[in-house]
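Asker:
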Amino acid sequence: MSEEHTHIVPYKTFAIVWIGLLILTGVTVVVAQYNLGAMNIWVALGIATLKSGLVVAVFMHMKYENRLFKLSLFAALAILAIFIGLNFFDVLYR
Amino acid sequence: MSDVTTTATSERGFFDEGQYPGIFAWLLSTDHKRIGLLYFWCIVTFFCVGAILGLLIRLELFAPGETIMGAQTYNAVFTLHGVIMIFLFIIPGIPAAFGNLIMPIQLGARDVAFPKLNLFSWYLYITGAILAVTSLFTGGGPPDTGWTFYVPFSAQTSTNVSLAAVAVFILGFSSILTGLNFVTTIHRLRTEGMTWMRIPLFTWSLYATAWIQILATPVIGITVAMLFAERIIGTGLFDPAQGGDPIMFQHLFWIYSHPAVYIMILPGMGVVSDIVPVFSRKPCFGYKAIVVSSLAIAFAGSLVWAHHMYTSGMSDMAVLVFSFLTFIVAIPSAIKVFNWLATLYEGSILLDPPLLYALSFILLFTIGGLTGLVLGAAAADVHVHDTYFVVGHFHFVMFGGTGMAFFAAMHYWLPKIYGRMYDKTIATVAWAVMVIGFLILYISMKIVGMQGMPRRYYDYVPEFTGLNQLATVGSWILAVGLVLMFANIIRGIFKGDPVEANPWGGASLEWQIPSPPPMENFGEEDPVVTHGPYDFTKAGIL
Amino acid sequence: MSGHVHKDYTGAKFGMWLFLFTEVLLFGGLFLLYAVYLARYPQEFISAGKELNVWFGGGNTLVLLTSSLFVAISITALRRGAKTLCLRLLGSTIACAVIFMVNKYFEWNAKISHGIYPGSDHLKEMQPGEMVFFNLYYLTTGLHGLHVIIGALVIAWAMFLIKKDQVNADDWVILENAGLYWHLVDLIWIFVFPLYYLILH
Ligand code: HEM
Ligand SMILES: [Cu+2]
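Residue numbers (numbering that gives the first Met the number 0), protein chains in the order written: chain A, 0 to 93; chain B, 0 to 541; chain C, 0 to 200.
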């Protein structure tokens, strides 16, 4: 059959990613104990983005999908960012 | 497009090939044409109900003071009119009815990508519609908030807003599933030779629309869910007493509802883009520009929602930014208008009913769009916000735009689907009556709005009487036109003359198969496409 | 490309992804409010966030991450023909879902017995920002919990089809899509956890 039936991800890859996710969870908990001011939230979001990136790329096989999937995901996230971001022209200047 | 081998099994095409007996041939069918017709007739029914409510509103406004109903009834009637027209007619209108009927055929496919899901969408639509109607008779009575459901009033009113919110949620879900189905279909089910640049513009417009349906509709879902939670368990996210911000409701509402106006208008633009070349016997001018502008509208439409909120008390900075962004959206809309006009220019024009309806779309949408720019300029909008000027604006774009496009699509594609032609003279007369009524009705509204008459009141000061009476008379003329048009269409379906496969001389795939189309659209072999959708020379029409 | 003969795997997966986008934007509305209200009430979000128990949130994070691992492996297992292993993994996933919900039950229960829930008198005595925080917390975790339950049902349905061999090593897209849905549940939590439980400074 066609390309999409070929790639089987080995168990080991999943296990490694899982360990990575656990480590990142540990890191975000530990970092949260320190006061970094406004940076706290950005670090937390950064780590969460990294974690979700791992889940999407490997667990959800995005890494192995074609460009259409990746572009669409990008579009969806960009729109979400716009929806949230533009509100701050109101919220920050009121 | 060429090389279509058709093995028409029967005169009445898919009508003769129901999978199940009796009514179940419709209620359980996963065939895109049957589902399209289910949608079509439900949508037309709701349109008629909504139109009657609109006529009642106009009747109440025939004279100052109470004419036929009191304030509370009036609030319920305009709310219901808005909810029905927006959520049950305009939003699903063209995509769910004509998209389902025509889009797979235009791609050379036998059905949409997920036929069962498609049927499920229809059931969600019907469920939502039934709940919306139920909300009138249960709980604290018919909602009286307007279709915008603004807090704090919607969180506090004792009328049955909760059920209406559930209905909107379910209707949104239906819209999402249709969008998802269409995007997947367009990506995966194009037949051999149907490259992206050979997709008819109607299907292209559905593609852009479907993306908005997917990405914006969930936001209204969560918004009405929060409204529901606020009413039922008191989550107070928009309640200042609990630290909430009512303006955030408006943001969330318009984050969906502005993109939603493009869900409404883009398919209409698609219909017009398909009709104009066929009746000018000329390839569509600037095909690529129309494609790109559809996608650009879909994207830019996500950036401008707060132009509905200039007077809400949001920051001046936001007013400035959103006013600027709003002007940007007008550009791709204008590109389309210029392209249609350029297509008509020096064409050999056939003034058949589909083109007439399409032409009225172009005229009325342009007027509506230009008044949109007046409103987009914050300095002007502050004065006319919440007046009849706004009501005039959105009726020009929604009724004059999408509504006319829906009627154009009806006159263009129903003969294909039913295999019978309506009376063209009556269709033309009905069209003329309708346009005259329309202009009298909504131009009066715009003027009286400019003079300061606010919207959503059952009463007004006597100075406004003249224009209001003119508007009401306009509404009667419009109604006559509508009745004539629908009667003619329905008569045509039953008694009209049989039509050939290609009554208008179109070059896209739907005109290459019999009317009505057979069950799986194409015979044994999938069609192979060798030229673009408006290449009348290669299609052998010119 | 005659889509009606073979199952179109790419199409099916793509459809599922589109659906996941709608879920992301659904939760997006709640995250939007979170962002806006955090900007408005930074101090009060911190004082309210401290009331949440990191152990509950962290524990549930581990449970969900592990369940995601199970689902991911189960697909490989099925495609390699290890049907029993696949079913066990999916069973474990559902077990994780149950643990998650039980955990959530105790967590909510503790909060509610302290009088912190939407509309409660105790809540109404708090600072405005704290009220918003808890209201958002209940809506977000409630909606997420609902997705956990739906996700578990979807997995159970996939198990049923695998048992009947309708989903198998050659035809597994339903499991793939069920898995995608489950991972989404995990994804949302990956953001909920730091935003609500780790907002301490
Ligand atoms: C050039 C394009 C357009 C521009 C610049 C524009 C601009 C605006 C603005 C600024 C408002 C807010 C007025 C106010 O409340 O004070 C408005 C209202 C509205 N517009 Fe448009 N618009 C455009 C096209 C459309 C289209 C295509 C549709 C629908 C098919 C539409 C439907 C509406 C509706 C329904 C409202 C009123 C909503 C309500 O308050 O109930 N508009 N428009
Ligand atoms: Cu708008």
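Ideal placement from N, C-alpha and C gives every residue a C-beta, glycine not left out.
Could you work out which residues of chain B lie near ALA75 of chain A, taking near to mean beta carbons separated by less than 7 Å?
Answerer: Taking the first sequence and counting its residues from 1, the one referred to as residue 75 of chain A is at position 76. LEU214, listed in chain order.
Asker: What residue range is occupied by the uninterrupted alpha helix (DSSP H) comprising THR342 of chain B?
Answerer: Position 343 of the second sequence, counted from the first residue, corresponds to residue 342 of chain B. Unbroken alpha helix (DSSP H) run through THR342 of chain B: 315–343.
Asker: Do you know whose CA, among B:ALA408, B:GLY371, B:VAL320 and B:VAL373, lies nearest LEU358 of chain B's CA?
Answerer: Counting from one through the second sequence, the residue named residue 358 of chain B turns up at place 359. Out of B:ALA408, B:GLY371, B:VAL320 and B:VAL373, B:ALA408 has the C-alpha closest to the C-alpha of LEU358 of chain B.
Asker: With contact counted as at least three CB pairs below 8 Å, one residue from each stretch, are the segment 59–74 of chain B and the segment 183–195 of chain B in contact?
Answerer: no
Asker: Inspect the CB distances between the segment 293–313 of chain B and the segment 69–89 of chain A and report whether three or more fall short of 8 Å.
Answerer: yes
Asker: Buried or exposed, going by whether 16 or more other CB atoms sit within 10 Å of the CB of ALA157 of chain C?
Answerer: What you label residue 157 of chain C is simply residue 158 of the third sequence in a count that begins at 1. With 16 or more other Cβ atoms within 10 Å, it is buried.
Asker: Taking the straight line between their C-alpha atoms, what separation do you get for PRO117 of chain C and ALA95 of chain B?
Answerer: For this step, residue 117 of chain C is matched to residue 118 along the third sequence. For this step, residue 95 of chain B is matched to residue 96 along the second sequence. Rounded to the nearest angstrom, the two C-alpha atoms are 39 Å apart.
Asker: Against chain B, does THR9 of chain C count as a neighbour if the rule is that its beta carbon must be under 8 Å from one of theirs?
Answerer: If you number the third sequence from 1, residue 9 of chain C lands on position 10. So, interface residue.
Asker: Go ahead and pull the three-state DSSP assignment for ASN167 of chain C.
Answerer: For the purposes of this step, residue 167 of chain C is identified with residue 168 of the third sequence, where counting begins at 1. Three-state DSSP puts ASN167 of chain C in a strand.
Asker: Quick check for students: name the residue ranges of the alpha helix (DSSP H) that lie wholly in the segment 28–97 of chain B, counting only runs of 4 or more.
Answerer: DSSP runs (the alpha helix (DSSP H)) wholly in the segment 28–97 of chain B: 31–59 and 70–82.
Asker: Below 9 Å on C-beta distance, what does MET137 of chain C contact in chain B?
Answerer: Reading the third sequence from its first residue, position 138 is the one you call residue 137 of chain C. The residue asked about is misnamed: residue 137 of chain C is Tyr in this sequence, not Met. Neighbours of TYR137 of chain C on chain B, chain order: ALA228, ILE232 and THR234.
Asker: Is VAL260 of chain B near ligand 2, going by C-beta to nearest heavy atom under 7 Å?
Answerer: Position 261 of the second sequence, counted from the start, is the residue given in the question as residue 260 of chain B. Within 7 Å of the C-beta of VAL260 of chain B there is at least one heavy atom belonging to ligand 2.
Asker: Only counting runs of 4 or more residues, tell me where the alpha helix (DSSP H) segments fall wholly within the segment 121–172 of chain B, in order along the chain.
Answerer: 152–155, all fully within the segment 121–172 of chain B.
Asker: Around the Cβ of HIS121 of chain C, are there at least 16 other Cβ atoms within 10 angstroms (buried) or fewer (exposed)?
Answerer: In the third sequence, residue 121 of chain C corresponds to position 122, counting from 1. Its Cβ having fewer than 16 others within 10 Å, HIS121 of chain C is exposed.
Asker: Any chance the CB of VAL303 of chain B is under 7 Å from a heavy atom of ligand 2?
Answerer: On the second sequence, position 304 is the one that residue 303 of chain B refers to. VAL303 of chain B Cβ: within cutoff of ligand 2.
Asker: Looking at the secondary structure, which residues open and close the alpha helix (DSSP H) in which TRP156 of chain C lies?
Answerer: One-based indexing of the third sequence puts residue 156 of chain C at position 157. First-last of the alpha helix (DSSP H) with TRP156 of chain C: 127–162.
Asker: Can you check whether the C-beta of ALA317 of chain B is within less than 8 Å of a C-beta belonging to chain A?
Answerer: As a working note, residue 317 of chain B is residue 318 in the second sequence. Chain A contact via Cβ: present.
Asker: Would a C-beta distance cut-off of 8 Å place MET316 of chain B and VAL383 of chain B closer than the cut-off?
Answerer: Translated into positions along the second sequence, residue 316 of chain B becomes position 317. Translated into positions along the second sequence, residue 383 of chain B becomes position 384. Contact: no.
Asker: Closer than 7 Å, Cβ to any Cβ of chain A: which residues of the segment 80–106 of chain B, in chain order?
Answerer: none
Asker: Quick check: GLY91 of chain C and TRP181 of chain C, are their CB atoms within less than 8 Å of each other?
Answerer: Reading the third sequence from its first residue, position 92 is the one you call residue 91 of chain C. Reading the third sequence from its first residue, position 182 is the one you call residue 181 of chain C. Just to set this straight, residue 91 of chain C is Ser in the shown sequence, not Gly. Going by C-beta atoms, SER91 of chain C is not nearer than 8 Å to TRP181 of chain C.
Asker: Under 8 Å by Cβ, that's how I've got MET452 of chain B and THR386 of chain B pegged, so tell me the actual separation to the nearest angstrom.
Answerer: By 1-based counting over the second sequence, the position of residue 452 of chain B is 453. By 1-based counting over the second sequence, the position of residue 386 of chain B is 387. Distance from MET452 of chain B to THR386 of chain B at the Cβ level is roughly 6 Å; contact confirmed, criterion being Cβ atoms closer than 8 Å.
Asker: Measuring CA to CA, which of C:GLU50, C:ARG79 and C:LYS12 is closest to PRO9 of chain A?
Answerer: Taking the first sequence and counting its residues from 1, one reaches residue 9 of chain A at position 10. Taking only the C-alpha atoms, the option nearest PRO9 of chain A is C:ARG79.
Asker: Ignoring anything shorter than 3 residues or poking outside the segment 338–383 of chain B, list the beta strand (DSSP E) runs there in chain order.
Answerer: none
Asker: Name the DSSP beta bridge partners of ASP496 of chain B, please?
Answerer: Within the second sequence, numbered from 1, the residue matching residue 496 of chain B stands at position 497. Partner(s): B:MET420.
Asker: Starting from the N-terminal side, write out each stretch of the beta strand (DSSP E) that is 3 residues or longer and does not extend beyond the segment 33–89 of chain A.
Answerer: none
Asker: Is HIS410 of chain B near ligand 2, with its Cβ less than 7 Å from a heavy atom?
Answerer: Translated into the one-based positions of the second sequence, residue 410 of chain B becomes position 411. No - ligand 2 has no heavy atom lying nearer than 7 Å to the Cβ of HIS410 of chain B.
Asker: Which class does PRO453 of chain B belong to by DSSP, given the choice of helix, strand or coil?
Answerer: For the purposes of this step, residue 453 of chain B is identified with residue 454 of the second sequence, where counting begins at 1. Strand at PRO453 of chain B.
Asker: Can you tell which of B:VAL460, B:VAL318 and B:LEU58 has the C-alpha that lies nearest to the C-alpha of VAL447 of chain B?
Answerer: Position 448 of the second sequence, counting from 1, holds the residue named residue 447 of chain B. That would be B:VAL460, whose Cα lies nearest to the Cα of VAL447 of chain B.
Asker: Output, in chain order, the set of chain C residues within a Cβ distance shorter than 9 Å of VAL182 of chain B.
Answerer: Numbered from its first residue, the second sequence carries residue 182 of chain B at position 183. Those within 9 Å of VAL182 of chain B in chain C are PHE13, GLY14 and LEU17.
Asker: Mind checking which residues open and close the alpha helix (DSSP H) that includes GLY27 of chain C?
Answerer: For the purposes of this step, residue 27 of chain C is taken as the residue at position 28 of the third sequence. Its alpha helix (DSSP H) spans residues 8–39.
Asker: Buried or exposed: PRO515 of chain B, going by 16 or more other Cβ atoms within 10 Å of its Cβ?
Answerer: As a position in the second sequence, residue 515 of chain B is number 516, starting the count at 1. Burial call: buried.
Asker: Taking C-beta pairs closer than 9 Å, name the residues in chain B that LEU67 of chain A reaches, listed in chain order.
Answerer: Position 68 of the first sequence, counted from the start, is the residue given in the question as residue 67 of chain A. Under the 9 Å cutoff, chain B gives HIS186.
Asker: Start and end of the alpha helix (DSSP H) containing ASN108 of chain C?
Answerer: Within the third sequence, numbered from 1, the residue matching residue 108 of chain C stands at position 109. Note, ASN108 of chain C: alpha helix (DSSP H), 82–112.
Asker: Taking all protein chains shown into account, decide if GLY201 of chain C is buried (16 or more other Cβ within 10 angstroms of its Cβ) or exposed.
Answerer: Examination of residue 201 of chain C is not possible in this model, given that chain C is present from 0 through 200 alone.
Asker: Does the count of Cβ pairs from the segment 326–346 of chain B and the segment 272–289 of chain B closer than 8 Å reach three?
Answerer: yes
Asker: Would you mind working out which of B:ILE125, B:ARG197, B:GLY12 and B:LEU27 sits nearest THR529 of chain B, comparing C-alpha positions?
Answerer: Counting from 1 along the second sequence, the entry for residue 529 of chain B is found at position 530. Of the candidates B:ILE125, B:ARG197, B:GLY12 and B:LEU27, the residue whose Cα lies closest to the Cα of THR529 of chain B is B:ARG197.
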